[in-house]
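Numbers 349 to 578, taken from the working numbering, label the letters of the sequence shown in order.
The block underneath contains the structure these notes are about, expressed in structure tokens.
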Amino acid sequence: MKKIVVLSGAGVSAESGIKTFRDSGGLWEGHDVMDVASPEGWAKDRELVLNFYNERRKNALSASPNKGHQIIAELENQFKVTVITQNVDNLHEKAGSSNVIHLHGELFKSRSTVDPNLIYDMDGWELNIGDKCEKGSQLRPHIVWFGEMVPMMEVAVEETLSADIFIVIGTSLQVYPAAGLLEYVKESNPKFIIDPNMPEVFPRPNLFLIEEVGSAGMKKVREIILKEYV
Ligand code: OAD
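Dropping the structure here:
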């Protein structure tokens, strides 16, 4: 079975009603990104940060996967598929993708502030001041904030190196190290980029630019790969 690696960003969830980052004018739901997505923001106002992610969680709970997520999940019938996502929502999993790497963390997990290995699943949407880990420290969102390490990056690079087909969907490719993954794909292997507002990418062999929204773009890409690469 050939292996597909998908790198997804906020755009894949746009048709599910979740706003992208850069389409919201530098502000994230009315907040400066550094206030809600950085260790400095957390140190300054924990309640603001917790409330911000509580709102994101509520929003994600009511969202459903769209055709783009679904086609990616269905590709598991013909291919070995790894999804590397920059998204913190769980829509790839809800659509049925079985191998999802979350580069920037997960909304529905919380983490200890004294021991990063203590990670907990969350059922509902609320994480509040006073919610503690088993060692007695405040829980924080299990999200990779600006300025923090990206612990899953090494795994993501390994996966990308062994991709036969690489699909980029719905990311502005502005945030590193995620954006650099494209460089690890073998030159001779096909790479597709799906985005209605194509990010600038360095031209390279076997690069196919599909200027469409996620659902329409995935339909096209599925058609091409089923015809040419199964
Ligand atoms: P961006 O908001 O930077 O980019 C979203 C991309 O999706 C843009 O290129 C849009 O043109 C495209 N897009 C919009 N609507 C779409 C649709 N219906 N279908 C497909 N594509 C669509 O989001 P990311 O690239 O994911 O990091 O952002 C990367 C990281 O920056 C995020 O993970 C987050 C953010 O700050 C952290 O939180 C650490």
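Every residue, glycine too, gets a C-beta built ideally from N, C-alpha and C.
Once you ignore the five residues that flank residue i on each side, which residues in its own chain have a CB closer than 7 Å to its CB?
{"i": "L621", "result": "Because residue 621 is not part of the residues shown, which for the chain are 349 to 578, the question remains open."}
{"i": "L510", "result": "Note on identity: in this sequence residue 510 is Ser, with Leu being the wrong assignment. Excluding residues within five positions, the ones whose Cβ falls inside 7 Å are K351."}
{"i": "S364", "result": "A411, S412, P413, N414, L439"}
{"i": "S386", "result": "W493, F494, G495"}
{"i": "M470", "result": "F456, K457, S458"}
{"i": "P525", "result": "V498, M501"}
Counting C-beta neighbours from all protein chains within 10 Å, is the total for residue i 16 or more, i.e. buried, or is it exposed?
{"i": "Y401", "result": "buried"}
{"i": "M566", "result": "buried"}
{"i": "E535", "result": "exposed"}
{"i": "H552", "result": "In the sequence under discussion, the amino acid at residue 552 is Arg, which differs from the His named in the question. Result: exposed."}
{"i": "S446", "result": "exposed"}
{"i": "Q434", "result": "buried"}
May I ask which residues mark the beginning and end of the alpha helix (DSSP H) holding residue i?
{"i": "R570", "result": "562-576"}
{"i": "F550", "result": "It is not in any alpha helix (DSSP H) - F550 carries neither H nor E in the DSSP assignment."}
{"i": "L509", "result": "501-509"}
{"i": "H417", "result": "415-422"}
{"i": "D383", "result": "381-384"}
{"i": "A443", "result": "439-443"}
Using a Cβ-Cβ cutoff of less than 8 Å, which residues in the same chain neighbour residue i once the five nearest sequence positions on both sides are dropped?
{"i": "E441", "result": "V448"}
{"i": "K483", "result": "S460, V462, D463, L466"}
{"i": "G518", "result": "S356, G357, A358, G359, V360, S361, A362, T368, G416, I542, D543, G562"}
{"i": "L487", "result": "S458, R459, S460, T461, Y468, L475, D479, K480, C481"}
{"i": "E395", "result": "I477"}
Over the uninterrupted beta strand (DSSP E) stretch that includes residue i, give me the two end residues.
{"i": "P489", "result": "487-491"}
{"i": "E355", "result": "Going by the sequence as given, residue 355 is Leu instead of Glu. Start and end: 351-356."}
{"i": "V448", "result": "448-450"}
{"i": "K483", "result": "That residue, K483, is in no beta strand (DSSP E); it is neither H nor E in DSSP."}
{"i": "K539", "result": "539-542"}
{"i": "D469", "result": "467-469"}
Look up residue i in the DSSP assignment and say whether it is helix, strand or coil.
{"i": "G528", "result": "helix"}
{"i": "V458", "result": "As written in the sequence, residue 458 is Ser, which differs from the Val given in the question. In this structure, S458 counts as strand in the three-state DSSP scheme."}
{"i": "T602", "result": "Nothing about residue 602 can be read from this structure; the chain reaches only from 349 to 578."}
{"i": "F427", "result": "coil"}
{"i": "K406", "result": "helix"}
{"i": "F514", "result": "strand"}
{"i": "D371", "result": "helix"}
{"i": "F494", "result": "coil"}
{"i": "G389", "result": "helix"}
{"i": "G453", "result": "strand"}
{"i": "L557", "result": "strand"}
For residue i, I'd like the list of residues in its chain whose CB is within less than 6 Å of its CB, leaving aside the five on either flank, ordered along the chain.
{"i": "D383", "result": "G389"}
{"i": "E454", "result": "V436, H490"}
{"i": "V505", "result": "Y532"}
Does the beta carbon of residue i fall short of 6 Å from some heavy atom of ligand 2?
{"i": "G365", "result": "Questions concerning ligand 2 fall outside what the structure shown contains, since the ligands it does hold are ligand 1."}
Meets three-Cβ-pair contact criterion under 8 Å: the stretch 447-467 and the stretch 532-549: no
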